[in-house]
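Protein chains in written order, with numbering that gives the first Met the number 0: chain A, 0 to 568; chain B, 0 to 326; chain C, 0 to 311. Just so you know, even glycine gets a beta-carbon here, dropped at the ideal spot from N, CA and C. Worksheet for the structure shown next.
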Amino acid sequence: MTDSIPDTTLLCVRDLAVEFQVGREAPHVAVRGISFAVPAERTVALVGESGSGKSVSAMAILRLLPDNARITGSIRFAGQELTALPDAQLRALRGSAMSMVFQEPMSSLNPVFTVGDQIAEVVRVHERIGRRAARARTLELLEEVGLPDPQLRIRSYPHELSGGQQQRVMIAMAVACKPKLLIADEPTTALDVTIQKQVLELLARLRKSHRMSVLFISHDLGVVGEIADEVVVMQAGEIREQGLVEQIFTAPTHPYTRALLACRPDLERHPRRLPVVADFMGGQDPQVRDEPRVPRPDRDVVLEVSGLTKNFRLRDGLFHWREVPAVEGVSFKLRRGQTLGVAGESGSGKTTMGLTLMRLHQATAGRIIMHGSSGSANLVDLSEAAMMPYRQRMQIVFQNPYASLNPRFTIAHILTEPLVLHSIGIDARARLGLAGDLLQRVGLPRDALNRYPHEFSGGQRQRIAIARCLTLRPEVLICDESVSALDVSVQAQVLNLLLDLQDQFGMAYIFISHDLAVVRYMSDEVMVMNQGRAVEMADGESIYRDPQNPYTRKLLDSIPRGVAGRLLV
Amino acid sequence: MWWQATQRLRQDRIGMGALAVVGAFVVMIVLVSLHLLASDWAQERGVHYANPTFLGPGPDELAMIEPPPGQMLDLTAVDPLAPHYADIERRTRALATTLKPRIQTLPFGGDRYGRDVLKKAIKGAQVSIVVGLAAALVATFIGSLLGAFAGFFGGLIGDSLEWLYNVFTSVPYILLIFAFAAVSGRGIASVIVILGLTGWTGVYRLIRAEYLKHSTREYVRAAQAIGAPPLTRMFVHILPNVSHVILVQLSLNVVSFIKAEVILSFLGLGVSVDSVSWGTMLNEAQSELILGKWWQLAAATLFMAVFVTAFSQFTDSLRDALDPKLR
Amino acid sequence: MTSYLIRRIWQMIPTLVGVILLVFVLFHLFGGDPAEIIAGQNASAQQVEVIREQLGLNHPWWIQLWIFFKEVVTFNWGSSWATHESVSHIFLTRLPATLTIMIPLFLVTLVLSVPIALGVAYVRGSLTDRLIMMATTVALSVSFLVYIIVGQWLFGFELAWFPIQGWAPSLWTNLALYVPLPVLLAVLVSLAPQVRLYRSFFLDEIGQDYVRTARAKGLAERQVVFKHVLRNALIPILTDISLQLPGLFVGSFLIEVFFSIPGLGREVLLAVNRSDYPVIQATTIYLAVFTMVINLLTDVLYKLVDPRVVLK
């Protein structure tokens with residue numbers, strides 16, 4: 000529950016609109032007149048998917064947008080009208096009364112200056128203190144943000160710190176001059192889920208101790224529920240709903256908000272298919288029933304992996320090479336028509352394992368045995384030529400929809416190329432017909448064949464990538480973080496599509512993701528990986544109800560649970 | 000993507016202007032190559048150092064020589080040829096003469112031998128530009144091919160090509176050109192070979208970096224996953240994504256090779272003695288300037304400056320059109 | 000660090016061997032017959048044969064390569080075919096003249112181009128920026144030759160501010176009298192491309208995320224550009240400088256030719272015209288070694304400039 004503190008408004012945004020002038024075309028409108036307020040000593044969250052205008056709104060407050068941006072409306076901060084302030088006066092407020100933390104800490108820090116110098120800089124810009132005093136202040140700040148070994152770290156360069164540590168440094172810079180308002184633009188999106196929890200706790204603690212307000216921007220409703228007092232929901236540059244956090248989460252009024260809340264895979268429920276935004280826009284909310292997955296251990300094993308190991312060679316010293324293990328001794332059995340979920344954080348080796356299974360990396364040791372009607376073969380030792388028939392049987396959908404389709408190919412070329420390579424289809428017309436059929440199967444119109452990838456959205460491109468895999472009718476499909484780069488609403492659509500296809504074609508999936516809720520929703524069995532090793536493997540339900548391994552437990556603890564898991568600080 | 004680039008280019012007025020100028024030069028070159036224009040550049044039509052037409056004829060130097068003072072002596076008595084003069088005169092008149100009188104002024108002036116400077120500049124444009132273009136094609140082709148292999152395969156192939164690159168770049172560029180020039184003859188083909196074989200290193204570096212970047216991109220991994228062989232991945236998948244870089248490099252190379260050819264020809268290491276290029280014109284202009292004859296220098300400089308500026312500006316506009324993120 | 004240096008020096012050997020091979024292939028396979036060149040145009044076939052025997056040209060090519068290799072390693076270059084001056088002597092006497100021109104030229108260009116480029120980057124997008132860019136494009140389209148020809152004529156002949164040509168044995172006379180005009184002209188020419196290049200470095204850095212952070216901290220634009228951006232742009236600038244340094248030694252041969260300065264560049268040009276192979280070969284190989292050493296020094300220097308660099 001929120002504390003009862005007198006409600007004084009710190010930041011008042013009224014009818015804010017932002018448009019960008021690009022060349023001679025009509026200006027692109029990013030924000031269409033929004034109004035919200037940030038009270039003193041409260042956390043307000045701006046929530047929305049990509050293109051909602053949340054980041055643009057935040058940057059408009061500090062006037063950090065590029066030169067071709069036009070801002071209209073009113074932004075009042077502590078009684079002052081910010082839009083009317085001359086640059087010099089606004090600069091005096093930046094970093095001192097209002098400050099900002101960005102999403103990518105590695106690139107947001109200057110690589111050639113030490114961490115200590117960069118923190119001291121913001122202090123010395125706004126306060127007249129000498130170098131000694133600034134250094135002392137820096138040490139205090141580093142301790143306050145929980146950075147271990149401040150005496151040592153003050154002389155470190157950004158690249159010597161981990162992502163979480165870098166973000167702590169950014170936060171230290173932001174609170175150095177005791178701001179009244181801290182704007183955090185997706186500060187934890189680029190961090191692992193265990194680190195995310197620590198950083199969120201830090202922010203909550205600092206907000207209380209510094210008695211400041213936080214404007215928190217995020218796309219993740221789970222995180223927002225844990226940290227925010229008030230929530231503003233944005234879509235396409237407009238506000239759909241705003242209010243206190245409990246009200247938004249337990250009794251949302253706008254259909255978009257309801258859709259956003261419902262279409263996330265949840266650790267508690269298991270609907271047969273995820274509801275999507277379109278379901279909610281009709282007026283009546285869809286009925287969603289739980290339908291837990293039925294385990295079927297009697298199916299044949301299609302892929303048997305034992306002791307899979309992949310090491311990378313790095314140069315070390317004069318003439319030696321160091322072997323860096325990325326995947327160590329991973330074993331599992333994949334049954335027909337079933338899904339093995341692989342969960343882990345960055346550096347766990349899950350992606351490397353996926354690539355090694357596809358023979359895109361050469362395995363250092365172990366066996367990958369594919370069983371079939373014509374016998375079994377160990378894929379590790381096969382030559383490229385011998386691999387060709389197996390390439391038909393196992394395919395992969397990659398993470399980045401913007402990089403997995405060749406920007407210079409038409410969709411027709413992308414879809415017919417695998418057919419040509421494997422001599423499927425009698426002639427070009429037959430192949431085009433097949434491609435068109437598959438496009439329709441994944442929910443895209445036939446005329447998309449003549450278009451180029453850049454004409455499609457992220458979710459649509461991912462569907463095309465899936466269609467490309469389907470051209471070969473694989474028995475095994477590896478989904479390597481295939482929905483991680485998509486907005487929550489789009490993610491639901493693609494997950495539903497994958498489930499439909501699995502029912503229709505009987506494919507086995509290896510579903511790799513760092514998002515535990517999604518992994519649970521999609522999988523029959525789950526394998527948790529940490530630093531290259533498989534630390535736990537169990538069926539979908541037991542691993543979440545009763546995790547055995549301490550790492551698994553830590554992982555499950557870190558998942559943001561929305562309002563139910565509010566950070567009590 | 001090419002269509003979008005063309006649209007952006009059309010909107011860039013400066014770029015289109017530059018393209019028009021380059022186009023005009025190209026038309027001119029084609030005409031010269033077909034011998035329709037300036038094929039008679041070597042004809043010595045004018046008087047020595049003829050003035051440009053807009054300056055008017057220069058002072059008749061012969062007329063400026065004052066006749067010597069004193070009386071003219073009559074040498075008929077001792078002159079052995081005296082009885083034959085009438086006969087010689089008669090026979091001379093019977094012969095037809097093909098020697099045309101030298102013109103006093105030429106459109107852009109004449110050089111030391113009375114050759115038309117304007118025609119030389121036009122012919123020189125053809126030589127310099129064709130050499131620059133051909134050399135750029137050779138160098139860009141070699142650099143792109145080697146860069147593609149080095150970036151895509153890495154390993155032993157990449158290391159060997161890196162070794163070759165290091166060997167060629169250890170020697171300062173000018174010195175390398177001199178070394179090649181020392182062992183080859185003169186002439187247009189020679190210059191093209193010299194510049195082409197020494198100038199591939201810049202393109203190599205760039206294309207290798209591009210291929211390194213693209214080889215790990217997911218669309219290439221996807222191509223590998225469906226079973227596309229390596230050469231297909233290199234030239235069917237990656238090449239179209241890199242072609243705009245190659246195009247810009249080609250244009251930059253054209254400019255720098257034209258300038259290199261001019262310098263080589265100036266030093267006598269370039270085209271052969273009986274051809275003309277902007278470089279040979281500048282060589283001649285060096286000594287003419289002191290005499291006050293500035294038009295050959297002006298013509299060569301003007302033609303070269305106009306073409307290179309237009310071409311450079313066009314390259315900039317092309318680059319902006321292909322990748323609008325660059326300023 | 001020591002192991003890194005050893006490894007790099009070890010790696011230089013194949014490259015050096017490659018350069019020696021390249022020079023050998025160029026001159027022994029494609030070049031004219033050295034015996035004929037040395038003997039001159041009026042020699043008899045017998046004289047040519049004698050010289051050929053002396054030079055060892057009748058041996059199979061791999062023995063010739065071995066002899067060549069030994070010569071390189073023992074610094075035994077023999078003498079110039081034209082002047083019979085020992086090649087090492089040529090080097091030692093011509094180098095100072097080249098450096099007297101090139102070092103001031105290099106320093107003046109550097110000192111001028113960085114601030115100008117920084118200033119242009121600071122006012123990016125404005126009219127000043129576009130005018131300067133246009134001016135540099137036009138300046139670049141005029142050949143270096145024209146600058147020298149017109150410059151010599153204007154400053155040396157018409158205005159008589161400087162002597163047209165000349166060289167003195169004393170360093171200070173040179174610096175005061177004979178160096179200013181060539182350096183002035185060369186700086187004018189090299190400023191345009193350098194300013195454009197450095198401007199693009201600065202603009203690349205201005206587009207980075209850390210610049211946005213610096214602004215968010217409340218720094219003035221001046222501080223952002225002159226402190227944060229400049230410091231990061233030094234990395235590619237350092238690379239560019241290291242690429243230019245080996246060229247200093249060949250010098251601007253054009254300047255040396257026009258101004259009759261007895262430097263190494265002019266010497267090489269004369270050698271090319273006379274087919275004087277020993278001089279060209281020696282210069283090529285020495286400079287290759289020098290370039291490799293400079294590359295190594297630059298890589299080590301990177302560690303000072305870019306803390307992300309790890310020398311392994």
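Option in 443/A, 147/A, 82/A with minimal Cα separation from residue 460/A: 443/A
Contact with chain B by residue 416/A, beta-carbon distance below 8 Å: yes
Close-in-space but distant-in-sequence residues of the same chain around residue 221/B (CB under 6 Å, 5 per side omitted): none
Straight-line Cα distance separating residue 273/A from residue 519/A: 13 Å
Chain-ordered chain A contacts of residue 211/C [CB-CB under 8 Å]: 63, 101, 107
Cβ-based neighbour list, residue 237/A, same chain, cut-off 7 Å, excluding 5 preceding and 5 following: 31, 33
Reference residue 184/C, options 53/C, 248/C, 118/C, 145/C, closest by Cα: 145/C
Distance, residue 421/A Cα to residue 284/C Cα: 53 Å
Proximity below 8 Å, CB of residue 353/A to CB of residue 514/A: no
Simplified DSSP assignment, three categories, for residue 446/A: helix
Span separating the alpha-carbon of residue 295/C from that of residue 7/C: 7 Å
Spatial distance of residue 88/B from residue 149/C (CA atoms): 50 Å
Simplified DSSP assignment, three categories, for residue 364/A: strand
CB contact check: residue 177/B to chain C, cutoff 8 Å: yes
Collapsed DSSP secondary structure at residue 262/A in the structure displayed: coil
Chain A contact for residue 220/B (CB, 8 Å cutoff): yes
Cutoff 8 Å: residue 21/C Cβ touching any chain B Cβ: yes
Minimum C-alpha distance to residue 62/C - residue among 214/C, 23/C, 211/C: 23/C
Any C-beta of chain C under 8 Å from that of residue 156/A: yes
Three or more C-beta pairs below 8 Å linking the stretch 72-82 of chain C and the stretch 268-276 of chain C: yes
Residue from 215/A, 233/A, 79/A whose Cα sits closest to the Cα of residue 227/A: 215/A
Pair within 8 Å by beta-carbon distance, residue 264/C and residue 97/C: yes
Chain C residues whose Cβ lies nearer than 8 Å to that of residue 134/A: Neighbours of residue 134/A on chain C: none; closest Cβ ~17 Å, over 8 Å.
Which listed residue (529/A, 565/A, 562/A, 181/A) has its alpha carbon closest to that of residue 552/A: 529/A
Simplified DSSP state of residue 212/A, which is helix, strand or coil: strand
Contact list for residue 279/C against chain B, beta-carbon separation under 7 Å: 177, 178, 181
Per DSSP, the bridge partner or partners of residue 79/A: 76/A
For residue 185/A, the nearest candidate out of 148/A, 467/A, 476/A, 100/A (CA to CA): 100/A
Residues near residue 31/C in its chain [Cβ-Cβ closer than 8 Å; skip 5 each side]: 274
C-beta neighbour in chain A for residue 295/B, strict 8 Å: no
Distance, residue 263/B Cα to residue 132/C Cα: 28 Å
Separation of residue 53/A from residue 27/A, as counted between CA atoms: 15 Å
Rounded straight-line distance, which links the Cα of residue 147/B to that of residue 109/C: 34 Å
Cβ neighbour criterion (16 or more within 10 Å) applied to residue 137/A: buried
Candidates 501/A, 255/A, 175/A, 293/A, of which the one nearest residue 216/C by Cα: 175/A
Residue-level contact to chain B via CB, residue 314/C, 8 Å cutoff: No information on residue 314/C is available, as it lies outside the stretch 0 to 311 that chain C covers here.
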